[in-house]
Amino acid sequence: MTDAKWKTVLKHLEIVNGEDGLHTVDSALLNAAENSLHIKLPDSYRSFCRVFGVGSFGRGDFNIAVPGYNGKANTYSLEYLTDSQRELAGQLGDLGLDPDQISRGIFFAIDMSRSNHFFDPEDVTDPKKHEYAVFSLYRNYEVERTFDSFWDFVTIGCLGEKRNCLLALEDEEGESPQQIFQPMTE
-8 MTDAKWKTVL
2 KHLEIVNGED
12 GLHTVDSALL
22 NAAENSLHIK
32 LPDSYRSFCR
42 VFGVGSFGRG
52 DFNIAVPGYN
62 GKANTYSLEY
72 LTDSQRELAG
82 QLGDLGLDPD
92 QISRGIFFAI
102 DMSRSNHFFD
112 PEDVTDPKKH
122 EYAVFSLYRN
132 YEVERTFDSF
142 WDFVTIGCLG
152 EKRNCLLALE
162 DEEGESPQQI
172 FQPMTE
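Quick note: the sequence shown, position 25, residue 16 per the working numbering, numbers continuous.
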């Protein structure tokens, strides 16, 4: 996914509480994260970080973590989310999950229901663009393959018709997702 496509998405969103503007991530931080994680981040996620940066879709519906974030809300840190879930891999294995999948997962989002969303680098969907399937680790400790790419996670899951399913919300009277992006300022 290109920066231009993310810029098109951004134009169609209301930016809320963005007095300081977007807090984007530069390529140096993305490269450092790749070196630390020993994996290439998906092109769609890298582009998103360069265009949107750290923040939430809806009113805190989906917090999107980025590399290098060191503000007060640690759930916006890719490193924190990934490390915290990997530390639980053994315990999650005791609950019937695949501890290897959790250990290799790159956790990039947490939603309002406290479900975590991650890339599984062993489920490659586009090798040229380093795109990986997105999985959701729900609060009830079930894991589900939810999307083929980060682009799909955002456009279909956070902003589209699959939002209510992803958040396990009942679709009352066709409630549509809020077309909002809230940059994280601290």
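Even glycine gets a Cβ: it sits at the ideal position worked out from N, Cα and C.
For T(-7), count the other beta carbons within 10 Å of its own beta carbon; 16 or more makes it buried, fewer makes it exposed. Which is it? Residue -7 sits at position 2 when you count from the first residue of the sequence shown. T(-7) should be labelled exposed.
Assign H29 to one of two classes, buried (16 or more other C-beta atoms within 10 Å of its C-beta) or exposed (fewer than that). By 1-based counting over the sequence shown, the position of residue 29 is 38. Exposed is the label assigned to H29, since fewer than 16 other Cβ atoms lie within 10 Å of its Cβ.
Along the chain, where does the alpha helix (DSSP H) that runs through I101 open and close? The count along the sequence shown starts at 1 and reaches residue 101 at position 110. Secondary structure note for I101: it is in no alpha helix (DSSP H), and the uninterrupted beta strand (DSSP E) holding it is I97 to D102.
Distance between beta carbons of I101 and P112, contact taken as under 8 Å: As a first step, residue 112 is located in the sequence shown; it is residue number 121 there, counting from the start. As a first step, residue 101 is located in the sequence shown; it is residue number 110 there, counting from the start. The distance from the Cβ of P112 to that of I101 is about 19 Å, inconsistent with a contact at the 8 Å cut-off.
Should P118 be labelled buried (16 or more other beta-carbon atoms within 10 Å of its own) or exposed? Within the sequence shown, the letter at position 127 stands for residue 118. Classification for P118: exposed.
A80, enclosing alpha helix (DSSP H) - first and last residue: In the sequence shown, residue 80 corresponds to position 89, counting from 1. It spans A80 to D85 - the alpha helix (DSSP H) in which A80 sits, taken as one unbroken run.
Buried or exposed: which applies to Y132, given that a residue is buried once 16 or more other Cβ atoms fall within 10 Å of its Cβ? By one-based count along the sequence shown, residue 132 stands at place 141. It is exposed - the Cβ of Y132 has fewer than 16 other Cβ atoms within 10 Å.
Simplified DSSP state of Y123, which is helix, strand or coil: Start at 1 with the first residue of the sequence shown, and residue 123 comes out as number 132. Residue state for Y123 is assigned as strand, using DSSP reduced to three classes.
Could you have a look at S68 and say whether DSSP puts it in helix, strand or coil? Taking the first residue of the sequence shown as 1, we reach residue 68 at position 77. DSSP places S68 in strand when its eight states are reduced to three.
Tell me whether the beta-carbon of D11 lies closer than 7 Å to the beta-carbon of T116. The residue given as residue 11 occupies position 20 in the sequence shown. The residue given as residue 116 occupies position 125 in the sequence shown. Inclusion of D11 and T116 in the CB contact set at 7 Å is not warranted, their separation being larger than that value.
Going by C-alpha to C-alpha distance, which of V0, R50 and G148 sits closest to V7? Here residue 7 corresponds to residue number 16 of the sequence shown, with the count starting at 1. Nearest option by C-alpha distance: R50.
Using the Cβ count rule (16 or more neighbours within 10 Å means buried), how would you classify A159? Counting from one through the sequence shown, the residue named residue 159 turns up at place 168. A159 is exposed by the Cβ-count criterion.
Measuring straight from C-alpha to C-alpha, what distance separates Q82 and R37? Here residue 82 corresponds to residue number 91 of the sequence shown, with the count starting at 1. Here residue 37 corresponds to residue number 46 of the sequence shown, with the count starting at 1. Cα-Cα distance, rounded: 31 Å.
Could you please give the first and the last residue of the uninterrupted beta strand (DSSP E) stretch that includes F109? Taking the first residue of the sequence shown as position 1, residue 109 is located at position 118. It spans N107 to D117 - the beta strand (DSSP E) in which F109 sits, taken as one unbroken run.
Would you say S47 reaches chain D, if we count a Cβ-Cβ gap shorter than 7 Å as a contact? In summary, chain D is missing from the structure at hand, where a single protein chain is found.
What residues in its chain sit with their C-beta under 8 Å from that of D52, if we drop five residues either side in the sequence? Position 61 of the sequence shown holds residue 52. The beta carbon of D52 is closer than 8 Å to those of D102, M103, C149, R154, L158, P168 and Q169 in its chain, skipping five residues each way along the sequence.
Between which two residues does the alpha helix (DSSP H) carrying V134 extend? Here residue 134 is taken as the residue at index 143 of the sequence shown, counted from 1. Per DSSP, V134 belongs to no alpha helix (DSSP H); it is in the beta strand (DSSP E), V134 to F138.
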